[in-house]
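Below: one structure, written as structure tokens.
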Amino acid sequence: MSSLYPFSLSLSPLEPYYGDSNMLAVLGIPLYRIPSEPHNALRPDMSPGRCWTFKGHYGYMVVKLSHTIRVTGFSMEHISKAISPEGSISTAPRRFTMRGLRHPADDKPHEFGEYEFLEGDSLQYFPVQKSSRVAYNIVDIEINSNHGNKDYTCLYRIRVHGN
1 MSSLYPFSLS LSPLEPYYGD SNMLAVLGIP LYRIPSEPHN ALRPDMSPGR CWTFKGHYGY
61 MVVKLSHTIR VTGFSMEHIS KAISPEGSIS TAPRRFTMRG LRHPADDKPH EFGEYEFLEG
121 DSLQYFPVQK SSRVAYNIVD IEINSNHGNK DYTCLYRIRV HGN
């Protein structure tokens with residue numbers, strides 16, 4: 001039986017980023033830093049801070065899809081400047097690569113393309129640049145840069161489209 005939602009299989013060996021927004025406090029007393037979990041990027045919650053946050057500008061995630069599909073495109077979403085605590089999208093991924101894998105240890109993944117999330121629309125669609133006749137149920141997203149934040153990157157939502 002397949003799950004209803006995709007889930008992450010593995011992550012790059014990243015150091016998590018613990019910003020002030022991830023602090024659990026009771027009566028204003030900080031108690032615990034809550035780690036930002038990768039599955040946040042697979043859920044529809046677009047509230048400020050509800051993203052997968054990792055230190056620096058490089059990271060990747062391998063995701064198992066709920067079904068095997070022929071991939072036709074991807075959507076990436078980031079909160080708009082209007083609701084961003086920083087007033088910018090400097091933490092948004094900028095350049096990223098998407099790949100299809102036949103299995104988690106696939107050493108010859110199919111590269112669907114290299115993409116750029118541009119400042120502007122908070123939801124952007126990216127059609128596959130290099131199509132494949134193969135259907136996949138595992139994809140890899142490699143984030144290569146962000147929009148200028150030196151400390152961390154925040155991936156709010158990634159979606160995979162296909163049939």
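So that you can map any letter, position 100 of the sequence shown is 100 in this note's numbering, and since no number is skipped, the others follow by simple counting. Cβ atoms here follow ideal geometry from the backbone N, Cα and C, with glycine treated the same way.
For I89, which residues from the same chain have a beta carbon less than 7 Å from its beta carbon, with the 5 sequence-adjacent residues on both sides left out? Looking up residue 89 in the sequence shown gives position 89. Closer than 7 Å at the Cβ level, and outside the excluded window around I89, lie H78, K81, E119 and H147.
Cross-strand partners of I158 (DSSP beta bridge): Numbered from 1 along the sequence shown, position 158 holds the residue referred to as residue 158. Partner(s): M76.
Name the one or two DSSP bridge partners that K55 has. Counted from its first residue, the sequence shown places residue 55 at position 55. According to DSSP, K55 bridges with Y152.
Applying the 10 Å Cβ sphere with the 16-neighbour rule, what's the burial state of R157? Translated into positions along the sequence shown, residue 157 becomes position 157. With 16 or more other Cβ atoms within 10 Å, it is buried.
Leaving out five residues before and five after A135 in sequence, what residues of the same chain have Cβ atoms less than 7 Å from its Cβ? By 1-based counting over the sequence shown, the position of residue 135 is 135. Annotation for A135: T68, I69 and R70 place their beta carbon closer than 7 Å to its own, counting only its chain and skipping 5 residues before and after.
For H39, is the classification buried or exposed, using 16 other Cβ atoms within 10 angstroms of its Cβ as the cut-off for buried? Here residue 39 refers to the residue found at position 39 of the sequence shown. Exposed is the call here.
By the three-class DSSP mapping on this structure, what secondary structure does H39 have? For the purposes of this step, residue 39 is identified with residue 39 of the sequence shown, where counting begins at 1. In this structure, H39 counts as helix in the three-state DSSP scheme.
For the segment 51-59 and the segment 114-128, state whether three or more C-beta atom pairs, one from each stretch, are separated by less than 8 Å. These segments do not touch.
Under three-state DSSP, which class holds P146? As a first step, residue 146 is located in the sequence shown; it is residue number 146 there, counting from the start. The question names Pro, yet the displayed sequence has Asn at residue 146. Correct three-state label for N146: strand.
Confirm, please, whether the CB-CB distance from H161 to G73 is below 7 Å. Walking along the sequence shown from the start, residue 73 turns up at place 73. Walking along the sequence shown from the start, residue 161 turns up at place 161. Going by C-beta atoms, G73 is nearer than 7 Å to H161.
What would DSSP say about V71, mapped onto helix, strand or coil? To locate residue 71, count along the sequence shown from 1; it is residue 71. V71 sits in a strand when the DSSP states are folded into three classes.
Contact set for P127: own chain, Cβ-Cβ below 8 Å, skip 5 residues either direction: Counting from one through the sequence shown, the residue named residue 127 turns up at place 127. Counting only Cβ-Cβ distances below 8 Å, and skipping sequence neighbours, we find T72 and G73.
Can you check DSSP and say which residues form a bridge with G113? Here residue 113 refers to the residue found at position 113 of the sequence shown. Looking at the DSSP assignment, G113 forms a beta bridge with M98.
Same chain, Cβ closer than 8 Å to L65, neighbours up to 5 away in sequence not counted: Residue numbering aside, residue 65 sits at position 65 when the sequence shown is read from its first letter. The residues are P6, Y136, N137, I138, V139 and V160.
Classification of S122 by the beta-carbon crowding that lies within 10 angstroms, buried from 16 upward: As a first step, residue 122 is located in the sequence shown; it is residue number 122 there, counting from the start. When all chains shown are included, S122 counts as buried.
Determine the burial state of Y152: buried for a count of at least 16 other Cβ atoms within 10 Å of its Cβ, exposed for fewer. Here residue 152 refers to the residue found at position 152 of the sequence shown. Y152 is buried by the Cβ-count criterion.
For the beta strand (DSSP E) containing L123, list its first residue and its last residue. Against the sequence shown, residue 123 aligns to sequence position 123. Secondary structure note for L123: its beta strand (DSSP E) is the uninterrupted segment L123 to P127.
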